[in-house]
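The structure appears below as structure tokens.
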Amino acid sequence: MDLEHFVCSLPKAELHVHIEGTLEPEMMFELARRNGVALPWKSVEETRAAYAFTDLQSFLDLYYAGAAALIHERDFFELALAYFERAHADGVVHAELFFDPQTHTARGVAFATVVDGLERACAEAQVRWGISSRLILCFLRHLSEDEGFATLEQALPQLARIHGVGLDSSERGHPPAKFARLFARCRELGLHIVAHAGEEGPPAYIVDALDVLKVERIDHGVRCAEDPALVERLVREQVALTVCPLSNVKLCVFPDLAQHNLKRLLEAGLKVTINSDDPAYFGGYIARNFIDTARALGLSRAQLKRIARNSLEASFVPESLRTPWL
Ligand code: HPA
Ligand code: ZN
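Next up, the structure:
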């Protein structure tokens with residue numbers, strides 16, 4: 351079997367995908383036209399040409415500009431359904447979607463509008479493709495903890511539909527500890543906890559995420575390699591890392607895929623998974639991430655199977671609800 355077919359035939363979970371980051375320029379323009387929203391680009395081609403990032407912030411500026419095209423429940427539904435269709439083709443059997451409500455509520459979109467649309471797509475994906483899913487609310491770390499609390503307040507009536515919380519946006523200068531009280535409250539509410547850490551930020555942010563926020567998985571986490579004691583701990587505790595190789599190259603965390611540390615982390619015994627992050631911006635969905643990384647680093651098929659299996663094991667589906675793919 352060739353590599354493409356092998357990768358797509360592996361049952362896998364996607365644990366790190368920002369649903370706003372799956373907004374392809376074609377859909378962005380269609381929604382902007384339908385909703386009467388002005389975009390900073392003149393065409394789909396000009397938009398794609400602007401996707402030359404130098405770091406995380408240079409990406410986030412465009413990502414938030416693009417998300418402005420999303421206004422109505424139907425927009426969020428269509429966005430997520432298009433993602434699920436691609437994910438299904440890539441062999442995804444379960445997806446845990448990040449969404450950034452503060453990006454939308456700041457523009458006057460109601461919190462419930464976002465969740466209604468996403469949840470309707472999740473239900474449709476289960477029926478059409480048998481994909482199970484979960485929603486993870488991400489707090490924007492460049493905003494204050496108080497703004498995070500205000501968002502949690504808006505989320506309370508929707509909490510049965512939200513399974514976890516995460517932390518994303520600009521990492522440098524915004525350590526996880528800034529959100530200690532907010533995440534303590536989220537834990538009391540019984541939510542699963544994750545956080546982006548060690549993408550651009552130092553290994554100390556990963557330690558913070560573990561000790562202060564008490565995360566169950568680390569999103570990215572690739573800079574753990576700079577702290578051998580931390581690597582040892584992550585191996586011992588089998589904390590999953592949701593690594594996003596194409597994202598890391600696009601945002602200049604590594605100069606190219608051949609220099610990515612994923613294989614080294616995997617061979618050190620870390621619970622590594624492969625994910626797409628913001629596939630519309632970074633040049634590929636989950637299967638592309640698996641294939642390009644396998645080729646660049648020479649991952650064996652047994653290693654690819656291990657990575658897919660790690661993703662299923664690290665999902666937030668409780669043991670009692672797990673389907674035969676586990
Ligand atoms: N890092 C931090 N915040 C984000 C990302 C990312 O890769 N994608 C969307 N928000
Ligand atoms: Zn991310």
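Under the numbering used here, think of the first position of the sequence shown as 351, with each following residue one higher.
All C-beta atoms in this analysis are idealised placements derived from N, C-alpha and C, irrespective of residue type, glycine included.
Under 6 angstroms from any heavy atom of the ligand ZN, does the C-beta of residue i make it?
i	result
D425	no
From residue i to residue j, what distance separates their C-alpha atoms?
i	j	result
M378	H422	13 angstroms
L517	L381	27 angstroms
A462	Q508	7 angstroms
A418	Q452	12 angstroms
W479	V459	29 angstroms
F529	S597	25 angstroms
R511	V557	29 angstroms
L468	H546	22 angstroms
V581	G551	16 angstroms
R659	P605	28 angstroms
S482	L591	21 angstroms
L353	I641	7 angstroms
R537	L647	38 angstroms
R583	S665	20 angstroms
E364	D577	27 angstroms
F409	H492	14 angstroms
V565	L406	22 angstroms
A637	V593	13 angstroms
L563	A534	7 angstroms
S393	L447	28 angstroms
R586	E374	39 angstroms
P526	R645	34 angstroms
D496	L490	11 angstroms
M351	L532	48 angstroms
K613	L662	19 angstroms
A575	E376	38 angstroms
Rounded to the nearest angstrom, how far is the Cβ of residue i from that of residue j, given a contact under 8 angstroms?
i	j	result
L389	A400	At roughly 11 angstroms, the Cβ-Cβ gap does not stay under 8 angstroms, so L389 and A400 are not in contact.
Y433	T372	4 angstroms
G514	I543	6 angstroms
V667	H444	6 angstroms
I369	A430	6 angstroms
Going by the C-beta, is residue i closer than 6 angstroms to any heavy atom of the ligand HPA?
i	result
I627	At residue 627 the sequence reads Asp, which differs from the Ile that was named. Result yes, Cβ under 6 angstroms from the ligand HPA.
D518	yes
H546	yes
H610	no
H524	no
H368	yes
Does residue i pass the burial test, meaning 16 or more other C-beta atoms within 10 Å, or should it be called exposed?
i	result
V367	buried
V477	exposed
A630	buried
G441	buried
Y671	Reading off the sequence, residue 671 comes out as Leu, not Tyr. Classification for L671: exposed.
N611	buried
K600	buried
S359	exposed
T643	buried
H355	exposed
G540	exposed
T501	buried
R573	buried
D450	buried
K655	exposed
L506	exposed
G386	exposed
G498	buried
A471	buried
E395	exposed
*Which runs of the alpha helix (DSSP H), 4 residues or longer, sit entirely within the segment 424-502?*
451-455 and 461-479
*Ranges of the beta strand (DSSP E) found wholly within the segment 542-604, counting only runs of at least 3*: 542-547, 567-570 and 590-593
*Complete runs of the beta strand (DSSP E) confined to the segment 360-406 [at least 3 residues]*: 362-368
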